[in-house]
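For the sequence shown, my numbering assigns the number 2 to the initial residue and increments by one for each residue that follows.
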Amino acid sequence: MKKRIILLLCAISLIGLSGCDNEDVDDLFTATNTADLIAEDSELFTLLERATSDDDASALKPITCIRFIYSFTVVIYLENSELERSQIVNNDAEFSALLGEVGEGQFVGVSFPITSQLEDGSTFEVNNKEELKAAIDACVIEEQEGIIGECEGLLQSCVWEVQLPAGTTDYDTYENAVFDVSEDGTVDFYHRGVRYDGTWIVYFIEDELHININLDDDNPDDDYMTDLDWNFDWKTVIVDAQTMNISIDDGKDYVLKQRCETDAYCTTFTFAECEMQDNPGFAEFLLDNYISCIATMGAPEALEDEATESDAAIEFTYSFYLSEADASNAVNPINGALAYVNTTNPQIIVVRIDHPDTQEFWLLEIELVAQDCQ
2 MKKRIILLLC
12 AISLIGLSGC
22 DNEDVDDLFT
32 ATNTADLIAE
42 DSELFTLLER
52 ATSDDDASAL
62 KPITCIRFIY
72 SFTVVIYLEN
82 SELERSQIVN
92 NDAEFSALLG
102 EVGEGQFVGV
112 SFPITSQLED
122 GSTFEVNNKE
132 ELKAAIDACV
142 IEEQEGIIGE
152 CEGLLQSCVW
162 EVQLPAGTTD
172 YDTYENAVFD
182 VSEDGTVDFY
192 HRGVRYDGTW
202 IVYFIEDELH
212 ININLDDDNP
222 DDDYMTDLDW
232 NFDWKTVIVD
242 AQTMNISIDD
252 GKDYVLKQRC
262 ETDAYCTTFT
272 FAECEMQDNP
282 GFAEFLLDNY
292 ISCIATMGAP
302 EALEDEATES
312 DAAIEFTYSF
322 YLSEADASNA
332 VNPINGALAY
342 VNTTNPQIIV
352 VRIDHPDTQE
362 FWLLEIELVA
372 QDCQ
């Protein structure tokens, strides 16, 4: 990377002279061959714009591995090689603004060859626009590899929870679903307490970061078309170290939030506690502590075509029972605020979910596991 940074520093320092007023330096530049100039509609011009941009919200991320030494003079030519103007720029913002003013049929001047003395004493030389573009491309590739490496490292150390974009009012069944990515590129996707196997591949298509998701939905009892909803090539924007935006061309988009603490997200209806040292295979469970995850994964969903924002805000009540019969009749509940000791390991507990305004109720099962934490 040092080689490329030095190269670009030298490249821009040779665009012109600095330290003079614009009207004075204009006289220093004469007509030149447009074959050696950088056209406004060229890919190289776009790369220069990205190298001076700090707009993280733009479609193309800035090239942050390129640095310019200021101040210097930028020269703009017309299509007939006639000098249009020159301007001294003092920082990235000024350079970016000037590049934004370069119109159709105009060119930016760079003098070749560009030479640089490297740290090992050797000489590095760029002789034309094509070699300059290749140097910038190499910088971009190196930065993309760094982004992929950083992204993969984050994915493997934490999980990503599905969130909805800001301003979304429609109910979405996948809110709070979880992607848990392994080092080998396999992924466990958790949705409403069910785990799905799949693969997760991160790569670039030109300048766009992509995540290719492929889930295996082979559960015959699954009411969701999880594979049809997620098996796409998702365009990805890394917002910050904890946030990614993913989208596909049909307009579907999600926010993925990094979660590194296990109590900050929910995966399945299996809840484990450390077994008692003097009574292996048995543990104390505070069932009320699991209501948050039960609500996240198991709260009744309205039919998708009838779902509204209010459906997700209903304050259901939750109670616990040893059998489905007791739960259906709402008799012999377990006090969820007191420590409950399992009678078998694992043990199934039935949860009754009551609607606050109707007589409707739903039942689901959770599993308690006493595990050896030594």
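Virtual Cβ for every residue (Gly too), placed ideally from N, Cα, C.
Does the segment 176-196 come close enough to the segment 260-276 to have 3 or more Cβ pairs within less than 8 Å?
They touch, by the three-pair rule.
Cα-Cα separation between residue 6 and residue 100, rounded to whole angstroms:
Stepping through the sequence shown from its first residue, residue 6 is reached at position 5. Stepping through the sequence shown from its first residue, residue 100 is reached at position 99. Low per-residue confidence applies at residue 6: pLDDT is 34, beneath 50, and the placement is therefore not dependable enough to give any value.
Starting from residue 335, follow its DSSP beta bridges and name the residues at the other end.
On the sequence shown, residue 335 is found 334 positions in, with the first residue counted as 1. According to DSSP, residue 335 bridges with 321.
Where do the N-terminal and C-terminal ends of the alpha helix (DSSP H) with residue 299 fall, by residue?
Residue numbering aside, residue 299 sits at position 298 when the sequence shown is read from its first letter. Residue 299: member of the alpha helix (DSSP H) spanning 292-299, first to last residue.
For the beta strand (DSSP E) holding residue 227, just list the boundary residues, first then last.
Locating residue 227 in the sequence shown gives position 226, where the first residue counts as 1. Where residue 227 is concerned, there is no enclosing beta strand (DSSP E), although the alpha helix (DSSP H) it sits in stretches over 227-231.
Quick one: is residue 358 buried, meaning 16 or more other Cβ sit within 10 Å of its Cβ, or exposed?
On the sequence shown, position 357 is the one that residue 358 refers to. By the neighbour-count rule (16 or more Cβ atoms within 10 Å), residue 358 is not buried but exposed.
In this structure, does DSSP put residue 146 in helix, strand or coil?
Start at 1 with the first residue of the sequence shown, and residue 146 comes out as number 145. Here residue 146 sits in helix by DSSP.
Classify residue 275: buried if its beta carbon has 16 or more other beta carbons within 10 angstroms, exposed otherwise.
To locate residue 275, count along the sequence shown from 1; it is residue 274. Label assigned to residue 275: exposed.
At a cut of 8 Å, does the segment 244-261 reach the segment 158-166 through at least three beta carbon pairs?
Flag = yes, the segment 244-261 and the segment 158-166 touch.
Please list the segments of the alpha helix (DSSP H) lying wholly inside the segment 162-201, counting only runs of 4 or more residues, in order along the chain.
none
Residue range of the unbroken beta strand (DSSP E) whose run includes residue 214:
Walking along the sequence shown from the start, residue 214 turns up at place 213. Here the beta strand (DSSP E) through residue 214 covers 209-217.
Which same chain residues end up closer than 8 Å to residue 287 when comparing Cβ atoms and leaving out the 5 residues on each side of it in sequence?
Reading the sequence shown from its first residue, position 286 is the one you call residue 287. Result list for residue 287: 337, 338, 339, 340, 341, in chain order.
Do residue 317 and residue 335 come within 8 Å of each other at the CB atom, strictly closer than that value?
The count along the sequence shown starts at 1 and reaches residue 335 at position 334. The count along the sequence shown starts at 1 and reaches residue 317 at position 316. Taking 8 Å as the Cβ cut-off, residue 335 and residue 317 do not qualify as a contacting pair.
Straight-line CA distance for residue 226 to residue 218?
Against the sequence shown, residue 226 aligns to sequence position 225. Against the sequence shown, residue 218 aligns to sequence position 217. Rounded to the nearest whole angstrom, the C-alpha separation of residue 226 and residue 218 is 7 Å.
Run of the beta strand (DSSP E) containing residue 246, from where it starts to where it stops
For the purposes of this step, residue 246 is identified with residue 245 of the sequence shown, where counting begins at 1. Looking at the DSSP string, the run of the beta strand (DSSP E) that includes residue 246 is 244-248.
Three-state secondary structure (DSSP) at residue 110?
In the sequence shown, residue 110 corresponds to position 109, counting from 1. If DSSP states are grouped into helix, strand and coil, residue 110 belongs with the strands.
Run through DSSP, which three-state label would residue 330 get?
By 1-based counting over the sequence shown, the position of residue 330 is 329. In the structure shown, residue 330 sits in a helix (DSSP, three-state: H, G or I).
For residue 110 and residue 79, which I take to be in contact (beta-carbon distance under 8 Å), what is that distance rounded to the nearest angstrom?
Taking the sequence shown and counting its residues from 1, the one referred to as residue 110 is at position 109. Taking the sequence shown and counting its residues from 1, the one referred to as residue 79 is at position 78. Incorrect: roughly 11 Å between the Cβ atoms, too far for contact.
Can you pull the DSSP bridge partners for residue 205?
Position 204 of the sequence shown, counted from the first residue, corresponds to residue 205. Bridge partners of residue 205: 210.
If you measure from the CB of residue 251, is any heavy atom of the ligand NAD nearer than 7 Å?
Here there are no bound small molecules, and the ligand NAD is not part of this structure.
Which of helix, strand or coil DSSP assigns to residue 102:
Mapped onto the sequence shown, residue 102 falls at position 101. If DSSP states are grouped into helix, strand and coil, residue 102 belongs with the helices.
Would the beta-carbon of residue 1 fall within 8 Å of that of residue 239?
Nothing about residue 1 can be reported from this structure: the residues present for the chain run from 2 to 375 only.
The beta strand (DSSP E) spanning residue 123 covers which residue range?
By one-based count along the sequence shown, residue 123 stands at place 122. Where residue 123 is concerned, there is no enclosing beta strand (DSSP E), given that its DSSP letter is neither H nor E.
Which same chain residues end up closer than 8 Å to residue 166 when comparing Cβ atoms and leaving out the 5 residues on each side of it in sequence?
As a working note, residue 166 is residue 165 in the sequence shown. 246, 254, 255, 256, listed in sequence order.
DSSP three-state assignment for residue 254, whether helix, strand or coil:
Working through the sequence shown from its first residue, we reach residue 254 at position 253. Note: residue 254 maps to strand in three-state DSSP.
Is residue 284 helix, strand or coil by DSSP?
Stepping through the sequence shown from its first residue, residue 284 is reached at position 283. Reduced to three states, the DSSP call for residue 284 is coil.
Taking the straight line between their C-alpha atoms, what separation do you get for residue 370 and residue 333?
In the sequence shown, counting from the first residue as 1, residue 370 sits at position 369. In the sequence shown, counting from the first residue as 1, residue 333 sits at position 332. In a straight line, the C-alpha of residue 370 is about 22 Å away from that of residue 333.
Alpha-carbon to alpha-carbon, residue 348 and residue 300
For the purposes of this step, residue 300 is taken as the residue at position 299 of the sequence shown. For the purposes of this step, residue 348 is taken as the residue at position 347 of the sequence shown. The straight-line gap from Cα to Cα measures roughly 22 Å.
Taking the alpha-carbon positions, what's the residue 196 to residue 102 distance?
Counting from 1 along the sequence shown, the entry for residue 196 is found at position 195. Counting from 1 along the sequence shown, the entry for residue 102 is found at position 101. Roughly 53 Å between the two C-alpha positions.
Quick one: measure Cβ to Cβ for residue 270 and residue 277, integer angstroms, because I've assumed they're closer than 8 Å.
Within the sequence shown, the letter at position 269 stands for residue 270. Within the sequence shown, the letter at position 276 stands for residue 277. About 23 Å separates the beta carbons of residue 270 and residue 277, which is beyond the 8 Å limit, so they are not a contact pair.
Alpha carbon to alpha carbon, how far is residue 146 from residue 364?
As a working mapping, residue 146 is identified with position 145 in the sequence shown. As a working mapping, residue 364 is identified with position 363 in the sequence shown. Near 48 Å, if we compare the C-alpha coordinates of residue 364 and residue 146.
Please state whether the Cβ-Cβ distance between residue 361 and residue 351 is less than 8 Å.
Taking the first residue of the sequence shown as position 1, residue 361 is located at position 360. Taking the first residue of the sequence shown as position 1, residue 351 is located at position 350. With contacts defined as CB atoms closer than 8 Å, residue 361 and residue 351 fail to qualify as a contacting pair.
Hey, how far is the Cα of residue 327 from the Cα of residue 373?
By 1-based counting over the sequence shown, the position of residue 327 is 326. By 1-based counting over the sequence shown, the position of residue 373 is 372. If you take the alpha carbons of residue 327 and residue 373, they lie about 31 Å apart.
Taking the DSSP output, what are the residues bridged to residue 269?
On the sequence shown, position 268 is the one that residue 269 refers to. Looking at the DSSP assignment, residue 269 forms a beta bridge with 194.
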